[in-house]
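Residue numbers (the numbering used here): 42 to 495.
Beta carbons are placed, not taken as given, at the ideal position from N, Cα and C, and that holds for glycine.
All values derive from a computational prediction rather than experimental measurement.
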């Protein structure tokens with residue numbers, strides 16, 4: 042066990058969970074800073090139309106890449122289970138299969154992104170003063186899909202080993218490069234949204250290459266070599282069995298969010314810019330909560346593979362307490378600091394006022410999203426990704442769509458629109474929690490008598 046890796050099968054869970062999640066939170070927040078840096082630079086040095094253009098593409102990008110981000114969850118779960126089982130060859134084969142698949146997926150996304158960029162923006166009713174800039178940003182962004190996919194799959198594999206520190210270091214370096222390039226391309230060369238997209242792609246390439254290098258330095262039993270590129274069919278099938286439902290769940294989330302984005306667009310570019318600025322502050326709390334889902338993917342996955350079913354119950358208790366605590370703390374800190382942070386994005390008082398209202402509505406209840414993520418991660422750690430997908434579709438997607446088509450349609454105001462998020466958090470948290478414990482008791486009855494792997 043290297044010092045960067047965490048022993049998930051034994052030891053104190055409070056310190057182990059914190060050692061895993063805190064670097065992962067910071068990594069997620071740093072990744073968010075790529076997009077935030079893009080928007081801050083264009084918002085301050087170009088204008089609110091460019092800010093709205095970059096921000097309004099977020100859900101479109103997620104719609105197209107989330108199936109593959111979900112499949113990277115499959116790589117995390119399968120690798121963690123193989124580590125728990127002590128199956129060294131399977132661990133090695135899961136790594137090479139995941140890396141190869143990520144590169145193939147990235148190349149496919151380049152082509153898809155170029156084809157659908159303009160039509161999807163038109164379908165969402167992007168305003169005339171925004172659509173051209175949005176299309177430019179999307180086209181450039183999708184050219185970087187191979188390195189972005191490679192980074193996501195490689196970090197998922199490292200998380201299965203309990204290593205969340207190294208990706209944080211790599212992304213820190215990458216974030217600095219992104220910020221410097223943003224200033225050069227936009228302020229010095231006046232490249233607008235093309236420049237911020239190009240800066241993101243180049244800086245992501247750095248983090249991807251460093252992460253792959255880290256895989257090549259793993260223990261001799263597991264390390265990845267470039268000559269290992271290729272698929273092991275049964276391993277790919279196992280990864281897809283877990284990952285595809287997670288990806289479909291992510292896509293359904295994105296479709297629901299695109300419906301919300303379409304409603305935001307109906308308020309005009311000022312509210313669009315405000316919603317964009319607010320989302321970047323909200324996402325700090327969101328990504329902190331998401332860290333607990335990834336933690337449980339690995340902790341539950343390894344302990345399930347090793348047969349340590351009673352330890353899994355302790356994992357869930359500890360992660361729930363920590364997620365709720367961090368959710369409340371970060372949620373209310375962001376509400377207090379939000380009005381000051383929004384001035385970085387825009388000097389327009391109306392933008393700042395709308396952004397502050399949206400932040401208060403959503404972040405005051407974000408701890409519910411933490412509960413949702415904890416139990417979703419636990420279900421996926423068992424390999425029951427389809428179960429988590431169904432709960433997510435019902436709790437997040439259907440709840441948001443029904444709310445938009447009924448409640449918001451009847452009261453089409455700013456506050457009513459964004460109340461959709463806390464409502465869906467509460468419904469999904471309840472569904473995930475109940476489902477996990479039903480599933481856990483069933484597994485305990487069926488497999489609880491099996492001896493744990495020493």
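- Contact between residue 372 and residue 333 does not hold, since the beta-carbon distance rounds to 14 Å and is not under 8 Å.
- Residue 84 and residue 389 have their C-alpha atoms roughly 10 Å apart.
- Excluding sequence positions up to five before and after residue 138, its CB lies within less than 7 Å of the CB of 272, 273, 276, 277 and 280, all in the same chain and listed in chain order.
- Secondary structure of residue 90 (DSSP, three-state): helix.
- As the crow flies, the alpha-carbon of residue 243 is around 21 Å from that of residue 321.
- The alpha-carbon separation between residue 362 and residue 157 amounts to approximately 43 Å.
- In this structure, residue 328 sits away from residue 108, with a CB-CB distance that is not shorter than 8 Å.
- Burial check for residue 127: the Cβ neighbour count within 10 Å stays below 16, so the residue is exposed.
- Residue burial annotation: residue 261 is exposed, with fewer than 16 other C-beta atoms found within 10 angstroms of its C-beta.
- A check of alpha carbon separations from residue 353 across 336, 464, 284 and 367 identifies 336 as the nearest.
- For residue 219, the enclosing alpha helix (DSSP H) covers residues 206-223.
- Assignment of residue 469 by DSSP, reduced to helix, strand and coil, places it in the helix class.
- Contact between residue 307 and residue 249 does not hold, since their C-beta atoms are separated by about 38 Å, which reaches or exceeds 8 Å.
- In the structure shown, the three-state DSSP call for residue 179 is helix.
- The alpha-carbon separation between residue 225 and residue 422 amounts to approximately 43 Å.
- Bounds of the alpha helix (DSSP H) holding residue 139 are 129-164.
- With the rule of 3 Cβ pairs closer than 8 Å, the region 119-134 does not count as touching the region 209-217.
- Within its own chain, the residues whose Cβ lies closer than 6 Å to the Cβ of residue 410, once the five positions on either side in sequence are excluded, are 330 and 466, listed in chain order.
- Between residue 402 and residue 365, the C-beta gap is not smaller than 8 Å, which leaves the two residues out of contact.
- A straight line joining the alpha-carbon of residue 193 with that of residue 142 spans about 11 Å.
- CA-CA distance, residue 188 to residue 160, rounds to 25 Å.
- Given a length threshold of 4 residues, each whole run of the alpha helix (DSSP H) inside the region 407-443 is given here in chain order: 408-422 and 426-433.
- In chain order, 89, 311, 314, 315, 318, 383 and 386 place their CB closer than 8 Å to the CB of residue 392, counting only its own chain and leaving out the 5 sequence neighbours on each side.
- Only residues of its own chain outside the window of five on either side were considered, and among them 420, 423, 425 and 428 have a CB closer than 8 Å to the CB of residue 480, listed in chain order.
- Residue 144 is not a Cβ neighbour of residue 198, given a cutoff of 8 Å.
- In this structure residue 416 is buried. Its beta-carbon is surrounded by 16 or more other beta-carbon atoms within 10 angstroms.
- The beta carbon of residue 468 sits closer than 6 Å to those of 436 and 440, all from its chain and outside the five residues before and after it, given in chain order.
- Under the three-state reduction of DSSP output, residue 125 falls in the helix class.
- DSSP places residue 452 in the coil class of the three-state scheme, outside both helix and strand.
- One alpha carbon belongs to residue 400, the other to residue 347, and they sit about 42 Å apart.
- In the three-state DSSP reduction, residue 261 falls in the coil class, being neither helix nor strand.
- Boundaries for residue 267: no alpha helix (DSSP H) harbours it, and the DSSP string shows neither H nor E there.
- The three-state reading of DSSP puts residue 229 in helix, counting H, G and I together.
- The Cβ-Cβ distance between residue 205 and residue 64 falls below 8 Å.
- Residue burial annotation: residue 487 is exposed, with fewer than 16 other C-beta atoms found within 10 angstroms of its C-beta.
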